[in-house]
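Sequence positions in the sequence shown follow this note's numbering and run 1 to 465. Worksheet: the structure to be examined is printed underneath.
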Amino acid sequence: MPRARPLVLTALVLAALTAALAALLRGAALGVGFLTGYAGCWVLFAAAVVALRRVPAGAVVPLVLAGAVAVTATGLLAAPRTSTDSYRYAWDGRVQAAGISPYDHAPADPALARLRDGWLFPDDAACAGGHDLAPLAGGGCTRINRPAVHTIYPPVAEGWFLLVHVLSPADSRHKALQTGAAVLSLAVTGLLVTVLRRRGDPRQAALWAWCPAVPVEAVDNAHVDVLAVLFSVAALAVVARRRVTGGILLGLAVAAKLLPAVLLPGALSGLRRPRTFLAVVVPAVAVVGMLYLPYVLLSDGSVLGYLGGYAQEEGYEDASAGGRYALLRLVLPDAWAPPAVLLVMTAVSLTVWWRGDPERPWRGALLTTGTAFLLLTPAYSWYALLLVALVALDGRWEWLGIALAGAVAYLAGPVIGVEWTTGAYGAAALMIGAGRWARRRGPGRGAVRPSPRPWGGAETGCGHR
């Protein structure tokens, strides 16, 4: 009975987390109200992870997997709640199935009017009474955001949209992409458990499997980031033993969502010999180029689409235009922020590459990715799905504060001001600093004690243990 109590307690907290997520996603709250409920789910998530520490080892993996299924399934209970990106995904899949390059036409282009239906392009009555609907220049509306601009998604993402479209029933609507995303999310959990059973503590997999960001952002909103996460975790899991395979997988991750390019220094941790360095870099670059090539040949326009306009719209080109570079702008003039990011990221990347642990490439990858988030302070919370997976691999839970900061920036920033974005990312930075300080002190009069389980013991940064 004493050995069963931690298991029962963890299961009860998981049940409460599942119920809270289901209520949140099926409810009507938006903006700050949604953020409040979301924060409550994070509290339950933290409690479940803490309770898991005392669960007997033999029950950990079944419990993590069962919890992953329950938590992930809540993302299937409602239509996308806080993002309309998946509607663009569905449209791009439909366009490709018609034999047309998704990079050649914007959704509002009359040339594609024959592909429109009542789901993505509602009738006039729905346009008059609906929300999150974008008006069209010639009349009517669409669920697709930014309908006048071309798609920005890389080729692996476009291939995923086409695959889901081809395999799905005609009337599946948003459920097809959500179901596909749920399968990918559970695949990430399975991969994490497999890696951590061999090279860590499988309890760490719960940091992804039970995280509220997964059902909300990966499943309910069906963000394609989860596909990039799957390839990224696979790349970091094998690159220490199979350089070329790791490079190929990293290239697939970048070609699914460009963000995983920031993982390259981590994948190169400690690889100082030119031969081993190139064994990772060359396949990664080659895969990205080869996957873009068919679209380049088949498209009349640029395959980069609205990427440049998106960077400008989000304030990455002009630091004074929004909430980007929020922490840097506290201490530097706005114009200095972009070059400061470049300087710091170069220094961090070179340090990770030169001093990183080749046996644990995810450690350096977490450092470079987390640093990029703190410097850029992005406003979209689903970007942090990659960070959550890296936290699960490495076990340094304190970096999860960045995922919450992104949610504050996205859900509350537009309503209560960019100051909340600055405060949220500042709190995340303090949380990381406090966690690092606690790990360095460790047990035993502040000594740093090597441990194969970094989420419960001390660690030495990105270098060798």
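For glycine and all other residues, C-beta sits at the position ideal for the given N, C-alpha and C.
Exposure of residue i, with buried meaning 16 or more beta-carbon neighbours within 10 Å
i	result
D124	exposed
P265	buried
G129	exposed
T18	buried
L259	buried
E398	buried
T10	buried
R243	buried
C462	Annotation note: pLDDT 40 at C462 (below 50); position unreliable, coordinate value reported separately. Flag for C462 reads buried.
Q312	exposed
L12	exposed
G289	exposed
R146	buried
P215	buried
G444	Caution applies to G444, whose pLDDT of 41 falls short of 50 and renders its modelled position unreliable; the value that the coordinates give is listed next. It is exposed - the Cβ of G444 has fewer than 16 other Cβ atoms within 10 Å.
W437	exposed
D171	exposed
A79	exposed
A447	Confidence at A447 is low in this model, with a pLDDT of 34, below 50, so its placement is unreliable and the value that follows should be read with caution. It counts as exposed.
V296	exposed
P110	exposed
S403	Just to set this straight, residue 403 is Ala in the shown sequence, not Ser. Per the 10 Å Cβ criterion, buried.
D300	exposed
L411	buried
Simplified DSSP state of residue i, which is helix, strand or coil
i	result
P358	coil
P135	strand
C141	strand
A128	helix
D300	coil
S349	helix
A206	helix
F121	coil
Y21	According to the sequence provided, residue 21 is Leu. The question's Tyr does not apply to it. Three-state result, L21: helix.
G444	Because the pLDDT of G444 is 41, which lies under 50, any placement of that residue in the model is unreliable, and the number read from its coordinates should be weighed accordingly. Reduced to three states, the DSSP call for G444 is coil.
C211	coil
Y89	helix
G33	helix
S381	helix
P338	helix
G395	coil
R522	The shown model of the chain, from 1 to 465, leaves out residue 522, and the question about it has no answer.
R241	coil
Y153	coil
P283	helix
G270	coil
S101	coil
P6	helix
A424	helix
P110	helix
R275	helix
P294	helix
Candidates the options, of which the one nearest residue i by Cα
i	options	result
P169	E359, A90, L263, L376	A90
R197	V64, L249, A319	V64
A4	G27, S320, V55	V55
V238	G246, F231, S232	G246
A46	F34, S185, L14, P107	L14
R360	D300, A28, L271, V288	L271
R355	G301, L252, I248, S269	S269
Y380	G323, R329, I416	G323
L332	Q96, L375, N221, A389	L375
P135	A234, P107, P274	P107
L30	A392, G75, R81	R81
L7	F277, V61, G37, A23	V61
L343	A213, T368, G364	T368
V183	H150, L52, A48, A70	A70
A59	G159, P202, G118, P154	P202
V281	S302, G251, L291	G251
W210	A66, E419, A148, G435	A66
V254	A335, A222, A187, Y153	Y153
N- and C-terminal bounds of the alpha helix (DSSP H) containing residue i
i	result
V262	Counting along the chain, V262 falls outside any alpha helix (DSSP H), and DSSP gives it neither H nor E.
G323	It is not in any alpha helix (DSSP H) - G323 carries neither H nor E in the DSSP assignment.
P80	Per DSSP, P80 belongs to no alpha helix (DSSP H) and is neither H nor E.
Y310	307–313
I416	413–416
H174	174–199
C-beta neighbour in chain B for residue i, strict 8 Å
i	result
T245	Note that chain B does not occur in the displayed structure, where there is just one protein chain.
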